[in-house]
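Q: Handing you this structure, nothing more for now.
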Amino acid sequence: MTVVVNGETRELRDGATVVELLRAMDLSAEGRGIAVARNGGIVLRSDWVNTALAPDDHVEVLHAVQGG
Amino acid sequence: MQSRAAEHNDDLVIAGEHFTSRLIMGTGGAPSHDILERAVRASGAEIVTVAMRRVTRSGAGSVLDVVEQTGCRVLPNTAGCYTARDAVVTARLAREALETNWIKLEVIADERTLLPEPVDLLDAAEQLVGDGFVVLPYANDDPVLARRLEDAGCAAVMPLGAPIGSGSGIRNPYNLRIILERARIPVILDAGVGTASDAAIAMELGCAAVLVASAITRAEAPVLMAEAIRKAVEAGRLAHLAGRIPQRLYAEASTAWEGVADLTAHTG
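Protein chains in written order, with this note's numbering: chain A, 32 to 99; chain B, 1341 to 1608.
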């Protein structure tokens, strides 16, 4: 299936979870310093392992950067 | 050597937490993490802000390493949000990522001025306070809005001195004085500081703290400017506590008139 991650399309297996997406992005599944939004709503860390993505989901994977 | 302020236990207290530094440093605009770290140390800041952005493939170290190495408390912001909804979601994402319920709430109206959007700001502040956040809103220098944000339960209010990054100082000290006179929560000047004297003026007026980013990170020598602004904040705070003399149009002699010699050329 195709999902949109941080504005770019990405291929994942059907039913892939948030944790699988993060692994595919070379990010730790513990996700320290990372937060995930799906279709405009937050996905809590405790739900990452159980949250299956759906085709055409819009996912934002954020972290802290320099900012005023 | 202990400063007089330290002897008097002059801590900055936000939401029950004590800080000895009254300079909060924004991390935006630093040329590198190395310079940022040295600037944070030179500033003496105990709180630094960060923003939430998309993860990229860049191999550069994380700003969180700087936060960790300097031992500062991290204060995430909602920079880049134009609506209450976006700001509330961003605050929750920051809480999830950084495990802090403190948030520097920013809701801006447009890119050119970066001025706060007051209606959505108040809306977002109310929602986030209700959700258990310690909310520090970046606000206009409007005494009415400051009061409304305080009434909404914000832990501090952060009026601007001038637009973000403009470095043009405190454009409306009169409004700031009214905000300071009425506020029962810390008033932190946010945005507008261009150099050390601006920070000193803010503190002399009675601000509880000053938040500085660009003036330090975009200075020709950020580490030197961090030290300069730290000293200005300390000097301004001491001057505020010391109580300045009133401004007068005419002179007020500091030497007593009594006992002045009569040096008229008397002729007998």
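Ideal Cβ placement from N, Cα and C applies to all residues, glycine included.
Please list the partners that A1434 of chain B has in chain A, where partner means a Cβ-to-Cβ separation under 9 Å.
A: Translated into the one-based positions of the second sequence, residue 1434 of chain B becomes position 94. A66, L93 and A95, listed in chain order.
Q: Pick from B:N1441, B:L1433 and B:D1426: whose alpha carbon is nearest that of D1460 of chain B?
A: For this step, residue 1460 of chain B is matched to residue 120 along the second sequence. Looking at the Cα atoms, B:D1426 is the closest of the given residues.
Q: Thinking just about the alpha-carbon of each residue, which of B:L1415, B:M1392 and B:G1369 is nearest to the one in E1386 of chain B?
A: Numbered from its first residue, the second sequence carries residue 1386 of chain B at position 46. The residue with the shortest Cα to Cα distance from E1386 of chain B is B:L1415.
Q: Which residues, in chain order, does the segment 1495-1529 of chain B contribute to contact with chain A at a C-beta distance below 9 Å?
A: Listed by position, the residues of the segment 1495-1529 of chain B near chain A (Cβ gap below 9 Å) are I1504 and G1505.
Q: Around the C-beta of A1572 of chain B, are 16 or more other C-beta atoms found within 10 angstroms, so that it is buried, or is it exposed?
A: As a working note, residue 1572 of chain B is residue 232 in the second sequence. It counts as buried.
Q: Terminal residues of the continuous alpha helix (DSSP H) containing P1586 of chain B?
A: The count along the second sequence starts at 1 and reaches residue 1586 of chain B at position 246. Per DSSP, P1586 of chain B belongs to no alpha helix (DSSP H) and is neither H nor E.
Q: Using Cβ-Cβ distances below 9 Å, what residues of the segment 1363-1396 of chain B are close to chain A?
A: Those would be G1366, T1367, G1368, G1369, A1370, H1373, L1376, T1389, V1390, A1391, M1392, R1393, R1394, V1395 and T1396, in chain order.
Q: List the residues of chain A that N1417 of chain B touches, going by C-beta distances under 9 Å, in chain order.
A: Looking up residue 1417 of chain B in the second sequence gives position 77. Residues of chain A passing the Cβ test: G98 and G99.
Q: Kindly list, in the order they appear in chain B, the residues whose Cβ is closer than 7 Å to that of R76 of chain A.
A: Counted from its first residue, the first sequence places residue 76 of chain A at position 45. What R76 of chain A touches in chain B: E1436.
Q: Could you work out which residues of chain A lie near L1404 of chain B, taking near to mean beta carbons separated by less than 7 Å?
A: What you label residue 1404 of chain B is simply residue 64 of the second sequence in a count that begins at 1. Residues of chain A passing the Cβ test: G64 and A95.
Q: Looking only at its chain, what residues have a beta carbon closer than 7 Å to the beta carbon of A1579 of chain B, apart from the 5 residues adjacent to it on each side?
A: Here residue 1579 of chain B refers to the residue found at position 239 when the second sequence is read from its first residue. Answer for A1579 of chain B: E1544, listed in chain order.
Q: I'd like to know if V1429 of chain B contacts chain A, where contact means its C-beta is closer than 8 Å to some C-beta of that chain.
A: Reading the second sequence from its first residue, position 89 is the one you call residue 1429 of chain B. Yes, because at least one Cβ of chain A sits closer than 8 Å to the Cβ of V1429 of chain B.
Q: Taking DSSP as the reference, what is the three-state secondary structure of D1530 of chain B?
A: Residue mapping note: residue 1530 of chain B aligns to position 190 of the second sequence, counting from 1. Looking at D1530 of chain B - three-state DSSP - the assignment turns out to be strand.
Q: With 16 as the cutoff for other CB atoms within 10 Å, does Q97 of chain A come out buried or exposed?
A: Within the first sequence, residue 97 of chain A is the residue found at index 66, counting from 1. It is buried - the Cβ of Q97 of chain A has at least 16 other Cβ atoms within 10 Å.
Q: Take R1558 of chain B and list the residues in its own chain whose beta-carbon comes closer than 7 Å to its own, dropping the five residues that flank it on each side.
A: The count along the second sequence starts at 1 and reaches residue 1558 of chain B at position 218. G1369, listed in sequence order.
Q: Considering L1485 of chain B, what are the terminal residues of the beta strand (DSSP E) in which it resides?
A: Here the question's residue 1485 of chain B lines up with position 145 in the second sequence. No beta strand (DSSP E) contains L1485 of chain B, which is instead part of the alpha helix (DSSP H) from P1483 to D1491.
Q: In chain order, what residues of the same chain lie with their CB nearer than 8 Å to the CB of W1597 of chain B, ignoring the 5 residues before and after it?
A: As a first step, residue 1597 of chain B is located in the second sequence; it is residue number 257 there, counting from the start. Cβ neighbours of W1597 of chain B beyond the five flanking positions: none.
Q: Grab the span of the beta strand (DSSP E) containing R69 of chain A for me, first residue to last.
A: On the first sequence, residue 69 of chain A is found 38 positions in, with the first residue counted as 1. Per DSSP, R69 of chain A belongs to the beta strand (DSSP E) from I65 to R69.
Q: Looking at the unbroken alpha helix (DSSP H) that takes in T1430 of chain B, where does it start and where does it end?
A: In the second sequence, the residue the question calls residue 1430 of chain B occupies position 90. Note, T1430 of chain B: alpha helix (DSSP H), A1424 to L1438.
Q: Can a CB atom of chain B be found closer than 8 Å to the CB of N81 of chain A?
A: For the purposes of this step, residue 81 of chain A is identified with residue 50 of the first sequence, where counting begins at 1. For N81 of chain A, the answer is no, since every Cβ of chain B falls outside 8 Å of its Cβ.
Q: Just checking: is the beta-carbon of V49 of chain A within a distance shorter than 8 Å of some beta-carbon in chain B?
A: Counted from its first residue, the first sequence places residue 49 of chain A at position 18. Not an interface residue.
Q: Note the first and the last residue of the continuous beta strand (DSSP E) segment covering E91 of chain A.
A: Stepping through the first sequence from its first residue, residue 91 of chain A is reached at position 60. Segment H89 to Q97, the beta strand (DSSP E) holding E91 of chain A.
Q: Going by C-alpha to C-alpha distance, which of B:V1407, B:E1436, B:H1373 and B:D1450 sits closest to R76 of chain A?
A: As a position in the first sequence, residue 76 of chain A is number 45, starting the count at 1. Considering only alpha carbons, the answer is B:E1436.
Q: Cutting at 6 Å between CB atoms, please list the residues of its own chain near A47 of chain A, excluding the five before and the five after it.
A: Indexing the first sequence from 1 puts residue 47 of chain A at position 16. Excluding residues within five positions, the ones whose Cβ falls inside 6 Å are L84.
Q: Quick one, are the C-beta atoms of A1382 of chain B and V1550 of chain B less than 8 Å apart?
A: The count along the second sequence starts at 1 and reaches residue 1382 of chain B at position 42. The count along the second sequence starts at 1 and reaches residue 1550 of chain B at position 210. Against a cut-off of 8 Å, the Cβ pair of V1550 of chain B and A1382 of chain B comes out as no contact.
Q: Under the DSSP definition of a beta bridge, which residues are partnered with Y1514 of chain B?
A: As a position in the second sequence, residue 1514 of chain B is number 174, starting the count at 1. DSSP, once it has assigned bridges, lists no residue as partnering Y1514 of chain B.
Q: Which value, in whole angstroms, describes the spacing of the CA atoms of E1574 of chain B and D1350 of chain B?
A: Sequence index remark: in the second sequence, residue 1574 of chain B carries index 234 (1-based). Sequence index remark: in the second sequence, residue 1350 of chain B carries index 10 (1-based). Spanning the two alpha carbons is a distance of roughly 11 Å.
Q: Could you check which residue in A:T82, A:H89 and A:V67 has the C-alpha nearest to that of T33 of chain A?
A: Residue numbering aside, residue 33 of chain A sits at position 2 when the first sequence is read from its first letter. Ranking A:T82, A:H89 and A:V67 by Cα distance to T33 of chain A puts A:H89 first.
Q: Can you give the beta carbon distance from R1524 of chain B to E1490 of chain B, rounded, assuming they're within the 8 Å contact cut?
A: Walking along the second sequence from the start, residue 1524 of chain B turns up at place 184. Walking along the second sequence from the start, residue 1490 of chain B turns up at place 150. The pair is a contact, with the Cβ atoms about 7 Å apart (cut-off 8 Å).
Q: Can you pull the DSSP bridge partners for A1391 of chain B?
A: Your numbering for residue 1391 of chain B matches position 51 in the second sequence. DSSP, once it has assigned bridges, lists A:V96 as partnering A1391 of chain B.
Q: Select from B:D1482, B:R1487 and B:P1526 the residue whose C-alpha is nearest the C-alpha of Y1514 of chain B.
A: Along the second sequence, one-based indexing puts residue 1514 of chain B at 174. That would be B:D1482, whose Cα lies nearest to the Cα of Y1514 of chain B.
Q: May I ask you to list the residues that DSSP assigns as paired with N1417 of chain B?
A: Reading the second sequence from its first residue, position 77 is the one you call residue 1417 of chain B. Answer is B:K1444.
Q: Rounded to a whole number of angstroms, what is the C-alpha to C-alpha distance between L1603 of chain B and S1594 of chain B?
A: As a working mapping, residue 1603 of chain B is identified with position 263 in the second sequence. As a working mapping, residue 1594 of chain B is identified with position 254 in the second sequence. For L1603 of chain B and S1594 of chain B, the distance between alpha carbons rounds to 21 Å.
Q: Counting contacts by CB-CB distance shorter than 8 Å, is G46 of chain A in contact with chain D?
A: The question asks about chain D, but that chain is absent: this structure's protein chains are A and B.
Q: Let me check understanding here. Comparing Cα to Cα, which of B:G1493, B:E1521, B:L1529 and B:R1488 lies closest to G1509 of chain B?
A: The residue labelled residue 1509 of chain B in the question sits at position 169 within the second sequence. Comparing Cα positions, the closest option is B:L1529.
Q: Return helix, strand or coil for L43 of chain A, following the three-state DSSP convention.
A: Locating residue 43 of chain A in the first sequence gives position 12, counting from the first residue. Of the three classes helix, strand and coil, the one that applies to L43 of chain A here is coil, per DSSP.
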